[in-house]
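Chemist: So for the sequence shown, numbering that gives the first Met the number 0 puts the first residue at 0; every next one is plus one. Positions of the beta carbon are idealized from the N, C-alpha and C atoms, including for glycine.
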Amino acid sequence: MNPLRLLLLGAPGSGKGTQTSKLLKHFDHVKSVSSGDLLRQQIRLNTDLGHIAAKYIAEGKLLPDSFVTGLVLNELSSRRWLSSKSTWLLDGFPRTVSQAKSLRSELKPHGATLNMVVELDVPESVILERIENRYVHVPSGRVYNLTYNPPKVAGRDDVTGEPLSKRSDDTAEVFGARLANYRETLSPLKAFYSKIGILHKVSGETSDIIFPQLLELVQRELTKN
Ligand code: ATP
Ligand code: MG
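1) How about residue 21: is its Cβ closer than 7 Å to a heavy atom in the ligand COA?
2) If you reduce the DSSP assignment to three classes, tell me which class residue 58 lands in.
3) Any chance the CB of residue 94 is under 7 Å from a heavy atom of the ligand ATP?
4) Can you check DSSP and say which residues form a bridge with residue 69?
5) Below 8 Å, can you find three or more Cβ-Cβ pairs linking the segment 142–153 to the segment 34–45?
6) If you reduce the DSSP assignment to three classes, tell me which class residue 28 lands in.
7) Verify whether the separation of the beta carbon atoms of residue 116 and residue 192 is less than 8 Å.
8) Hey, residue 96 and residue 188: beta-carbon distance below 8 Å or not?
9) For residue 137, which residues from the same chain have a beta carbon less than 7 Å from its beta carbon, with the 5 sequence-adjacent residues on both sides left out?
10) Kindly indicate which three-state DSSP category residue 2 falls into: helix, strand or coil?
11) Could you have a look at residue 107 and say whether DSSP puts it in helix, strand or coil?
12) Once DSSP output is grouped into helix, strand and coil, what is the label at residue 48?
13) Under 7 Å: does the beta carbon of residue 55 sit that close to some heavy atom of the ligand ATP?
Pasting the structure below:
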């Protein structure tokens, strides 16, 4: 199989985390990193980085580019993913053109630039309703939805049995700010990847409609010659 280095783009609540879990379940060899999960881990560990991150996240603001870029690149490097043979996917990073450019120039010398970017296009009315029902398992980043994807035992993570929590930034007010940020940064970011020729889009209201489309794109990339 070919290496796959995929970025999932999508509004907050569009299901990046859910689609990531589905891909990981489907393909044993695919791994992922989520910038939001990395930041929430820093907060949980009470690090200096975490203290700064918490302030931005609480207001739904994007962190400074250099800050997130450093964090994610460190993670890629420590997992030994900076290689042309590596296969992985990113969720939530890059989010700005500046982050995209930094990532690309760091990956290029390793022959490991992204080869696929997929935008998850979900109507905003659907997204808003989802957020209210969303619960997360912070240590793993696993996401649950009380309507579509409830945990097996109420309030507990399916894998570890640990308690689930509500993200503090999943409130109507903060969510509005996150959505506004997304709208503002999306078009330039899409233009950047479209010019490179790796941008795709999948549309739908539920993860069951989105996933088969995503799977087809991924499968095509993994097996193309
Ligand atoms: P969802 O997880 O529902 O898709 P989201 O994309 O808003 O929503 P995360 O990716 O978890 O959520 O990010 C949460 C917060 O972390 C953001 O609102 C922002 O403050 C910060 N953050 C995450 N990734 C980045 C990034 N690449 N650049 C700047 N800030 C980021
Ligand atoms: Mg997420």
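Modeler: So, from the listed chains and residues:
1) Because the ligand COA does not appear in the structure shown, any question about it cannot be addressed here, the ligands present being the ligand ATP and the ligand MG.
2) helix
3) yes
4) Partner(s): none; residue 69 has no beta bridge.
5) With the cut-off at 8 Å, the segment 142–153 and the segment 34–45 do not touch.
6) Here residue 28 sits in coil by DSSP.
7) Yes, the pair counts as a contact, with Cβ atoms nearer than the cut-off.
8) yes
9) Closer than 7 Å at the Cβ level, and outside the excluded window around residue 137, lie 39, 43, 164.
10) coil
11) helix
12) helix
13) Result yes, Cβ under 7 Å from the ligand ATP.
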